[in-house]
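Participant:
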Amino acid sequence: MILKFRYIILILLLIILSVSYMFLRGFTQKININTEINLNNGETLNTFIHKISPFFKNTLQLKILFKITGDSNLIKRGDYIFRGEYDVFDIRKKLLRGGKLELRKVSLIPGERLRDIKDHINADIEEVSGKNIYKYEFLKLFNNIQGLLATDTFYVNAEDKSDEKVIELALEKFNKDYYLPYKDKKAGMLDFKKAIILASIVEKEAKTKEEKAMIAGVFINRLRKGMKLESCATVQYLFDKPKKRLWYKDLEVVSPYNTYLNAGLPPTPICFFSIDTLRSVYNFKEHQYLYFVLEGNGRHHFSKTLAEHNRVKESLK
1 MILKFRYIIL ILLLIILSVS YMFLRGFTQK ININTEINLN NGETLNTFIH
51 KISPFFKNTL QLKILFKITG DSNLIKRGDY IFRGEYDVFD IRKKLLRGGK
101 LELRKVSLIP GERLRDIKDH INADIEEVSG KNIYKYEFLK LFNNIQGLLA
151 TDTFYVNAED KSDEKVIELA LEKFNKDYYL PYKDKKAGML DFKKAIILAS
201 IVEKEAKTKE EKAMIAGVFI NRLRKGMKLE SCATVQYLFD KPKKRLWYKD
251 LEVVSPYNTY LNAGLPPTPI CFFSIDTLRS VYNFKEHQYL YFVLEGNGRH
301 HFSKTLAEHN RVKESLK
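Per my numbering, the sequence shown starts with residue 1, numbered consecutively.
Laid out in structure tokens, this is it:
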């Protein structure tokens, strides 16, 4: 009887601890919000909480925070734009600052290389990533940041002329959407490090979203058979500007990134890629195809043999 009572007490304690943990976690949990809220004269914190509750679940923690700080009477009325991830401390700070903050948007586009985004990003990308190297494990995968920023449109304060915040948001999103869900998973025989390298190649090779998993399957088939990838995208990476057409001499450029000369994958990703592309690699199509070539309709023809592949190429001339 005593043992049973102790067991019940233990279970209750575990439940209380779990609930307490989830509640306390709500103070620091960042939630993505994409909405605009107007707080009119005479409206209170409770009004704001009612308006934001469909988009932000930790409203009780927000109410408690204002109870502790005792400054809910200092909330400014006006229009509020929420674009990005916020915890209760971020929202409190925003409400006390008040006013409609003008935002500007900065896009990191799938397929861009590091050298490409440096043309339109006003920040020392390597310096920002270096500051975060102990915060994010994935920054230790390679000796550069190529391929390790999430692609998306980010909203930042229009008054802030530096794009450091953009890089920080892209790193945070890569960690949340790319790294944490997939770091311990395999794409065929590929670990996460190799999977993101392949994702960058698929990003450059695929012309449609529907073909990404097919193309990933081709490259995985070639890796399984010990064949060279022979990806034109890895050769294009060697040039400052993409060439309209690659010549045979281009395929002979000596570089660890040239998959016409080297077996296996390049040493790092060759571009930044979308989360959809990474998902396509992890959910690649199982098939027997080993070759593909771009047809005139903007799609690829897939072949199982070199002879068939060559016939298709000849017919497209």
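From the three backbone atoms N, C-alpha and C, an ideal C-beta is built for every residue, glycine too.
With 16 other CB atoms within 10 Å as the buried threshold, where does H50 fall?
Facilitator: That one is exposed.
Participant: Smallest Cα separation from L198: which of E43, V281, T151?
Facilitator: Among E43, V281, T151, the Cα nearest to that of L198 is on V281.
Participant: Could you give the DSSP three-state label for I33: helix, strand or coil?
Facilitator: Three-state DSSP puts I33 in a strand.
Participant: Output the distance between the C-alpha atoms of R311 and K165, rounded to the nearest integer angstrom.
Facilitator: Their Cα atoms are separated by approximately 51 Å.
Participant: Do the CB positions of L141 and I133 come within less than 7 Å of each other?
Facilitator: Not in contact: L141 and I133 (Cβ atoms no closer than 7 Å).
Participant: For the segment 219–238 against the segment 285–303, do three or more pairs of beta-carbon atoms, one drawn from each stretch, fall closer than 8 Å, so that the two count as touching?
Facilitator: Contact holds: three or more Cβ-Cβ distances are below 8 Å.
Participant: Does the Cβ-Cβ distance between N41 and R77 come in under 7 Å?
Facilitator: The answer is yes: Cβ separation under 7 Å.
Participant: Could you name the residues of the same chain whose beta carbon sits closer than 8 Å to that of I37, not counting the 5 residues immediately before and after it, in chain order?
Facilitator: Closer than 8 Å at the Cβ level, and outside the excluded window around I37, lie F48, K51, I52, D79, Y80, F82.
Participant: Considering only their Cβ atoms, is the gap separating F272 from A216 smaller than 7 Å?
Facilitator: Not in contact: A216 and F272 (Cβ atoms no closer than 7 Å).
Participant: Which residues mark the beginning and the end of the alpha helix (DSSP H) in which G130 is found?
Facilitator: Counting along the chain, the alpha helix (DSSP H) containing G130 begins and ends at 125–131.
Participant: Would you check if the segment 109–123 and the segment 55–65 touch, i.e. whether three or more CB-CB distances between them fall below 8 Å?
Facilitator: Too few Cβ pairs lie closer than 8 Å, so no.
Participant: Does the distance from the CB of A158 to the CB of L108 come in under 7 Å?
Facilitator: The answer is no: Cβ separation not under 7 Å.
Participant: Can you give the Cα-Cα distance for D240 and K67, rounded to whole angstroms?
Facilitator: Approximately 57 Å between the Cα atoms of the pair.
Participant: Under 8 Å: do the segment 254–263 and the segment 164–180 share three or more Cβ pairs, one atom per stretch?
Facilitator: With the cut-off at 8 Å, the segment 254–263 and the segment 164–180 do not touch.
Participant: Roughly how many whole angstroms lie between the Cα atoms of L238 and L294?
Facilitator: Each residue's alpha carbon lies about 21 Å from the other.
Participant: Between A195 and D177, how many whole angstroms is the CB-CB distance? I'm expecting something under 8 Å.
Facilitator: No, A195 and D177 are not in contact; Cβ-Cβ is about 14 Å, not under 8 Å.
Participant: Tell me which same chain residues have a C-beta within less than 8 Å of the C-beta of S129, skipping the five on either side of it?
Facilitator: Around S129: L139, I145, L148, I167, L171.
Participant: Do the CB positions of G264 and I220 come within less than 7 Å of each other?
Facilitator: The answer is no: Cβ separation not under 7 Å.
Participant: Between the C-alpha atoms of V218 and P110, what's the straight-line distance to the nearest angstrom?
Facilitator: Near 21 Å, if we compare the C-alpha coordinates of P110 and V218.
Participant: So, under 8 Å CB-CB, E211 and R299 are touching, yes? Tell me the CB distance rounded to an integer number of Å.
Facilitator: Yes, E211 and R299 are in contact; Cβ-Cβ is about 7 Å, under 8 Å.
Participant: For P267, which residues from the same chain have a beta carbon less than 6 Å from its beta carbon, with the 5 sequence-adjacent residues on both sides left out?
Facilitator: Cβ within range, chain order: P256.
Participant: Do the CB positions of I121 and D152 come within less than 7 Å of each other?
Facilitator: Against a cut-off of 7 Å, the Cβ pair of D152 and I121 comes out as no contact.
Participant: If you count every other CB in all the chains shown that lies within 10 Å of the CB of R279, and 16 or more means buried, which is it?
Facilitator: It counts as buried.
Participant: Could you check the C-alpha separation between D276 and E43 for me, to the nearest Å?
Facilitator: If I take the Cα positions, the gap works out to 42 Å.
Participant: What is the DSSP secondary structure of V312, counted as helix, strand or coil?
Facilitator: Helix.
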